[in-house]
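Visitor: Per my numbering, the very first residue in the sequence shown carries number 3; after that it's consecutive. The C-beta atom is built at its ideal place from N, Cα and C for all residues, glycine as well. Remember, it's a predicted structure, so these values are computed and weren't measured experimentally. Here it is: the structure, laid out below.
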Amino acid sequence: MKIHKDHKDFSDEEFENLKQAVIKEGHTSFKAIAISSDQLDTIISPCGICRQFIREFTQDIPIYMFGNDNDDKFIKVYLSDLLPLSFGPENLLHS
Numbered sequence: 003m004k005i006h007k008d009h010k011d012f013s014d015e016e017f018e019n020l021k022q023a024v025i026k027e028g029h030t031s032f033k034a035i036a037i038s039s040d041q042l043d044t045i046i047s048p049c050g051i052c053r054q055f056i057r058e059f060t061q062d063i064p065i066y067m068f069g070n071d072n073d074d075k076f077i078k079v080y081l082s083d084l085l086p087l088s089f090g091p092e093n094l095l096h097s
């Protein structure tokens with residue numbers, strides 16, 4: 003998964019490492035997410051945990067899903083397509 007914000011790319015094969023890097027640097031909003039795999043010949047989408055993590059930062063964001071790095075095919079969807087009726091920060095009670 004790759005996350006880009008303020009001209010900085012966050013990229014890692016392990017979601018937990020990526021999540022920690024993003025949080026550690028204090029980033030709270032993103033322009034787009036790209037996910038790919040060099041292990042699969044088909045287009046890959048973010049898992050449920052990744053979708054919820056993204057949702058905690060933004061309500062809707064473009065997600066670009068790629069397959070093999072040597073393939074130019076991709077699908078662009080929005081987070082709301084992958085995680086409809088989701089729970090996010092606006093659902094929390096604020097005092």
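Can you list, in chain order, the residues of its chain whose CB lies under 7 Å from that of Arg57, leaving out five sequence neighbours each side?
Guide: Leu81, Leu85, Ser88 and Gly90
Visitor: Excluding sequence positions up to five away, which residues of its chain have a Cβ less than 8 Å from the Cβ of Lys21?
Guide: Phe55
Visitor: On the three-state DSSP scale, how would you describe Pro86?
Guide: coil
Visitor: If we call anything under 8 Å between Cβ atoms a contact, is Ser39 one with Phe59?
Guide: no
Visitor: Give the DSSP-derived three-state secondary structure of Ile2 in the structure shown.
Guide: Beyond the ends of the chain as shown, which are 3 and 97, falls residue 2; an answer cannot be given.
Visitor: Run through DSSP, which three-state label would Ile77 get?
Guide: Strand.
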